[in-house]
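Last residue of the sequence shown: 637 (my numbering), numbering continuous. Even for Gly, the Cβ is constructed at its ideal location relative to N, Cα and C. Since the model is a prediction, treat every value here as computed from it, not as a measurement.
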Amino acid sequence: MIFASAADAQIGEKKLTPAEKWVVAQAAAGEIADLSKQFPEEKDRKLSAHFLEDLLMGALPGVKPHRNGVRIMGAIIDEPIDLTDAQIPYRVWLDNCQFMSSATFLRTSFSGTILFDESTFKAEASFNSMKVGHDAFFRKAVFEGSADFVGVGITSDFVTDDAQFKNKEQGADFNSMKVRETASFKKAVFEGPVGFGSADIVSNFEAQNAQFKNKEQGASFSSMKVGRTAFFTKAVFEGPVDFVRAEITTSFVADETQFKNKQQGVSFSGMKVGADAFFRKAVFEGPVNFGSSDIVSNFEANEAQFKNKEQIANFNSMKVRHTAFFTKAVFEGPVDFVRAEITTSFVADETQFKNKQQGVSFSGMKVGHTAFFTKAVFEGPVDFITADFASNFEANEAQFKNKDQTAYFDSMKVGGGAFFRKAVFEGPVELSFSDFAALDLSYTVYHGALYLQAMNYKQIIAAPKEPESHEALLKLAGQSAYRADVYGNLEAFFLRQGYRDDADRAFIAGKRREREQLPYGLNWFGSWLLDWLVGYGRHPAHAGYFCAFFVALGCFLFSPKRMEPQKPDDAPRVYNRFWYSLSLFVPLVDLQAHTVWKPKTEETFLRNYLRVQILLGWILIPILLAAVTGLIK
5 MIFASAADAQ IGEKKLTPAE KWVVAQAAAG EIADLSKQFP EEKDRKLSAH FLEDLLMGAL
65 PGVKPHRNGV RIMGAIIDEP IDLTDAQIPY RVWLDNCQFM SSATFLRTSF SGTILFDEST
125 FKAEASFNSM KVGHDAFFRK AVFEGSADFV GVGITSDFVT DDAQFKNKEQ GADFNSMKVR
185 ETASFKKAVF EGPVGFGSAD IVSNFEAQNA QFKNKEQGAS FSSMKVGRTA FFTKAVFEGP
245 VDFVRAEITT SFVADETQFK NKQQGVSFSG MKVGADAFFR KAVFEGPVNF GSSDIVSNFE
305 ANEAQFKNKE QIANFNSMKV RHTAFFTKAV FEGPVDFVRA EITTSFVADE TQFKNKQQGV
365 SFSGMKVGHT AFFTKAVFEG PVDFITADFA SNFEANEAQF KNKDQTAYFD SMKVGGGAFF
425 RKAVFEGPVE LSFSDFAALD LSYTVYHGAL YLQAMNYKQI IAAPKEPESH EALLKLAGQS
485 AYRADVYGNL EAFFLRQGYR DDADRAFIAG KRREREQLPY GLNWFGSWLL DWLVGYGRHP
545 AHAGYFCAFF VALGCFLFSP KRMEPQKPDD APRVYNRFWY SLSLFVPLVD LQAHTVWKPK
605 TEETFLRNYL RVQILLGWIL IPILLAAVTG LIK
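Shown next as structure tokens:
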């Protein structure tokens, strides 16, 4: 033991244990001091706190550690160790060591790497405001007391993979820590509360498969800054989680992450992500809040599960600068996308919105391109009031299953096509005041009331082929609550397409629906008469047929054998039954026939019918003329 003898001579009066002497010798030689190999018995591997403090600070007389630094494995330190404000100019390894009492590294400055891999801290461990000139490793370290890393500054990486923070009351505190490279907590276990508030990580933050087990106080990442990507893949959070105002420069990855707290849940309110945010197959047991969060690229929550049935999944005023994906996601509770802004597309194909009482609201939502809800299922009420979609809105084969509450699309704007092919609406549907460039309702099924007041569109179809579509559109208008503009808009559409006959059918159908709203009386009868006689002005020929019929009937009834001159002086004149019948029927026109001839005295029926034909002429001729000239509209 040449180095140990030299150490004894250099240290002089200070009494060192064999383990300490051997550590000094190894440190001076630049070798690793693996006490577990050199001293098989655990009781022989103890180092005093004072010895370790002096060794690390270079305060042992005559001992100068090698440039490789102090590297110790398997040591046991029973007393409290305190290196407050110490300046340690070389790397330090305290690997697989046991700190039986408190360990204090308050404002300690390490110029090189520090390594505490597999070490155990039985009491409180304070690294508050510690500075490390290179990497800091705590892999598989165990903290049984509180762990305080507040304000630490790490020049390179901070690695605590597989570490265990076991204190359930005070937990671990990383608030305001600064790491100039990556902070890694992969598979770390936190039994108590943990805080990363205002932490500043220049590169990645990695917490894949980490477990945050405290159910009451949870984990806080409020205002944390990450210069690159934050990874939480398959992490498990048992308690509440707070990412309020966190800033992630690149991506936020939380695929298959579980947020299990059912009362307080997780908040991402005001969070900013400079690229993509991934929550694919993530599970949210409690409420979740993405209100006012800002995602510069995509937001992906495909197959995510939002399982809380009472509390809301809140995306209110969220901004996604590219596409938001919720394909096959499941929402058990109410959902709020009010005033969310999606720059490109919103994709919710086969998504399930299962809450039957409060449902989902997209009111005021803005999507810069297309919104997809193909085969989506809405168990409760749904609200798209004033939503604005710059391109298409696709809800083909979607199911709106609530029979009692209305599916609201009123005042919705779609710059392209709105597609509801094969969609099923079990309850009322409100499309009033909506605005579509094109609307496809092919094979859509409506079981409840339909409201189409002031709905505006340039193109509308209800079946693939035009004749079938026009029939379906007329039927659809008949299903809807009556508003004159519903039929007026449909008439205008048919006219734009060049289908005058279908436009007339739409107009007449609208007037008939209008008549249904009237109480029985003169107005109702007048409307019915116009419908019967001239099709509300769209079929004046009908009145012409009636006129021709009654003139022809007069020709038949007023035969020469049944007529006589009104004056004996007119006996030589020739009688013409057609002119006589026409003269009776046409008002205000004297054809010099009905003033010359009359039915014989014994023709009582003809004398009475004569008056009927005159009255019919006064009724039918003005109606015919009004219809022909367009006065009836």
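Okay, do the segment 361–376 and the segment 321–340 touch, 3+ Cβ pairs below 8 Å being the bar?
The segment 361–376 vs the segment 321–340: in contact.
For Ala-107, does the three-state DSSP call read helix, strand or coil?
Along the sequence shown, one-based indexing puts residue 107 at 103. Ala-107: strand per DSSP, three-state reduction.
Top-ranked residue by Cα proximity to Val-351, from Asp-166, Gly-368 and Phe-376:
For the purposes of this step, residue 351 is identified with residue 347 of the sequence shown, where counting begins at 1. Residue Phe-376 is the option with its Cα nearest to Val-351.
Close Cβ partners of Met-416 (< 6 Å) along its chain, the five nearest in sequence each way excluded
Residue numbering aside, residue 416 sits at position 412 when the sequence shown is read from its first letter. Cβ within range, chain order: Phe-388, Ala-391 and Ser-438.
Given a cut-off of 9 Å on the beta-carbon distance, is the pair Phe-589 and Leu-620 in contact?
Counted from its first residue, the sequence shown places residue 589 at position 585. Counted from its first residue, the sequence shown places residue 620 at position 616. Yes; because the gap between Cβ atoms is below 9 Å, this pair is in contact.
Arg-611: buried (16+ other C-beta within 10 angstroms of its C-beta) or exposed?
On the sequence shown, residue 611 is found 607 positions in, with the first residue counted as 1. Of the residues assessed, Arg-611 falls on the exposed side of the cut-off, its CB having fewer than 16 other CB atoms within 10 angstroms.
DSSP three-state call for Gly-274: helix, strand or coil?
The count along the sequence shown starts at 1 and reaches residue 274 at position 270. Here DSSP, grouped into helix, strand and coil, assigns Gly-274 to coil.
CA nearest to the CA of Val-597, picked from Lys-217, Leu-586 and Thr-605
Indexing the sequence shown from 1 puts residue 597 at position 593. First, the amino acid is wrong: residue 597 is Ala here, not Val. It is Leu-586 whose Cα lies nearest to the Cα of Ala-597.
Rounded Cβ spacing between Lys-144 and Glu-128 (contact assumed at less than 8 Å):
Numbered from 1 along the sequence shown, position 140 holds the residue referred to as residue 144. Numbered from 1 along the sequence shown, position 124 holds the residue referred to as residue 128. 20 Å between Cβ atoms; not a contact.
Does the distance from the C-beta atom of Gly-63 to that of Pro-84 stay below 9 Å?
Here residue 63 refers to the residue found at position 59 when the sequence shown is read from its first residue. Here residue 84 refers to the residue found at position 80 when the sequence shown is read from its first residue. Just to set this straight, residue 63 is Ala in the shown sequence, not Gly. Not closer than 9 Å, so no.
Roughly how many angstroms separate the alpha carbons of Arg-325 and Phe-236, rounded to a whole number?
Taking the sequence shown and counting its residues from 1, one reaches residue 325 at position 321. Taking the sequence shown and counting its residues from 1, one reaches residue 236 at position 232. Spanning the alpha carbons of Arg-325 and Phe-236 requires a straight line of approximately 22 Å.
Can you tell me where the beta strand (DSSP E) holding Phe-423 begins and where it ends?
Walking along the sequence shown from the start, residue 423 turns up at place 419. Start and end: 417–423.
Report the three-state DSSP secondary structure of Met-567 (helix, strand or coil).
Stepping through the sequence shown from its first residue, residue 567 is reached at position 563. Reduced to three states, the DSSP call for Met-567 is strand.
Boundaries (first-last residue) of the alpha helix (DSSP H) holding Tyr-584:
Start at 1 with the first residue of the sequence shown, and residue 584 comes out as number 580. Segment 581–589, the alpha helix (DSSP H) holding Tyr-584.
In its own chain, which residues sit with a C-beta less than 6 Å from the C-beta of Ala-286, not counting the 5 before and 5 after it?
Here residue 286 corresponds to residue number 282 of the sequence shown, with the count starting at 1. Ala-258, Thr-261 and Ala-308.
Decide if Glu-35 is buried, meaning its Cβ has at least 16 other Cβ atoms within 10 Å, or exposed.
Residue 35 sits at position 31 when you count from the first residue of the sequence shown. Counting every other CB atom within 10 Å of its CB across the protein chains shown gives Glu-35 a total below 16, marking it as exposed.
Should Leu-526 be labelled buried (16 or more other beta-carbon atoms within 10 Å of its own) or exposed?
Here residue 526 corresponds to residue number 522 of the sequence shown, with the count starting at 1. Counting C-beta atoms within 10 angstroms of its own C-beta, Leu-526 has fewer than 16 neighbours from the protein chains shown and is therefore classed as exposed.
Where do the ends of the beta strand (DSSP E) carrying Gln-463 lie?
Numbered from 1 along the sequence shown, position 459 holds the residue referred to as residue 463. First-last of the beta strand (DSSP E) with Gln-463: 460–465.
What does DSSP give as the partner residue(s) for His-124 in the beta ladder?
Position 120 of the sequence shown, counting from 1, holds the residue named residue 124. At residue 124 the sequence reads Thr, which differs from the His that was named. Per DSSP, Gln-102 and Val-146.
Please give the ranges of any beta strand (DSSP E) in the segment 32–101, keeping only runs that are unbroken, at least 3 residues long and fully inside the region.
Segments of the beta strand (DSSP E) lying fully in the segment 32–101: 74–77 and 96–99.
Hey, could you find the ends of the alpha helix (DSSP H) Ala-552 is sitting in?
Position 548 of the sequence shown, counted from the first residue, corresponds to residue 552. Note, Ala-552: alpha helix (DSSP H), 544–561.
Can you tell me whether DSSP reads Ser-113 as helix, strand or coil?
One-based indexing of the sequence shown puts residue 113 at position 109. Note: Ser-113 maps to strand in three-state DSSP.
So Pro-471 is in the alpha helix (DSSP H); what residue range does that whole segment cover?
If you number the sequence shown from 1, residue 471 lands on position 467. First-last of the alpha helix (DSSP H) with Pro-471: 470–483.
Exposure label - Pro-69; buried when at least 16 CB within 10 Å
Within the sequence shown, residue 69 is the residue found at index 65, counting from 1. With 16 or more other Cβ atoms within 10 Å, it is buried.
For Met-61 and Gln-30, the rounded distance between their alpha carbons:
Indexing the sequence shown from 1 puts residue 30 at position 26. Indexing the sequence shown from 1 puts residue 61 at position 57. Taking the straight line joining both Cα atoms gives about 16 Å.
If you count every other CB in all the chains shown that lies within 10 Å of the CB of Ile-6, and 16 or more means buried, which is it?
Taking the sequence shown and counting its residues from 1, one reaches residue 6 at position 2. With a pLDDT of only 38 at Ile-6, under the threshold of 50, the placement of this residue in the model should not be trusted; the figure read from the coordinates follows. That one is exposed.
Would you kindly work out how many angstroms separate the C-alpha atoms of Gly-278 and Val-206, rounded to a whole number?
In the sequence shown, counting from the first residue as 1, residue 278 sits at position 274. In the sequence shown, counting from the first residue as 1, residue 206 sits at position 202. Rounded to the nearest whole angstrom, the C-alpha separation of Gly-278 and Val-206 is 14 Å.
So, with DSSP's three-state summary, where would you put Gly-368?
Within the sequence shown, residue 368 is the residue found at index 364, counting from 1. Coil.
Across which residues does DSSP place Val-230 in a beta bridge pair?
The residue labelled residue 230 in the question sits at position 226 within the sequence shown. According to DSSP, Val-230 bridges with Ile-205 and Ile-252.
Segment limits, beta strand (DSSP E) that includes Phe-440:
To locate residue 440, count along the sequence shown from 1; it is residue 436. 439–444 is the span of the beta strand (DSSP E), which, as asked, contains Phe-440.
Quick one: what's Glu-434 bridged to in DSSP?
For the purposes of this step, residue 434 is identified with residue 430 of the sequence shown, where counting begins at 1. According to DSSP, which records beta bridges pairwise, Glu-434 is partnered with Tyr-412 and Tyr-455.
Using DSSP with H/G/I as helix, E/B as strand and the rest coil, what is Gly-137?
Within the sequence shown, numbered from 1, the residue matching residue 137 stands at position 133. Looking at Gly-137 - three-state DSSP - the assignment turns out to be coil, as it is neither helix nor strand.
What number of angstroms, rounded off, separates the C-alpha of Cys-101 from the C-alpha of Thr-124?
Taking the sequence shown and counting its residues from 1, the one referred to as residue 101 is at position 97. Taking the sequence shown and counting its residues from 1, the one referred to as residue 124 is at position 120. Those two C-alpha atoms are separated by around 6 Å.
For a test of the three-state rule: what should DSSP assign to Asn-493, helix, strand or coil?
The residue you call residue 493 lines up with position 489 of the sequence shown. In this structure, Asn-493 counts as helix in the three-state DSSP scheme.
Sufficient close CB pairs (3 or more, under 8 Å) joining the segment 495–508 to the segment 520–537:
As far as the Cβ criterion goes, the segment 495–508 does not touch the segment 520–537, which means the pair count is below three.
Under the three-state reduction of DSSP, which class applies to Tyr-524: helix, strand or coil?
Indexing the sequence shown from 1 puts residue 524 at position 520. When DSSP states are grouped into helix, strand and coil, Tyr-524 belongs to the coil group.
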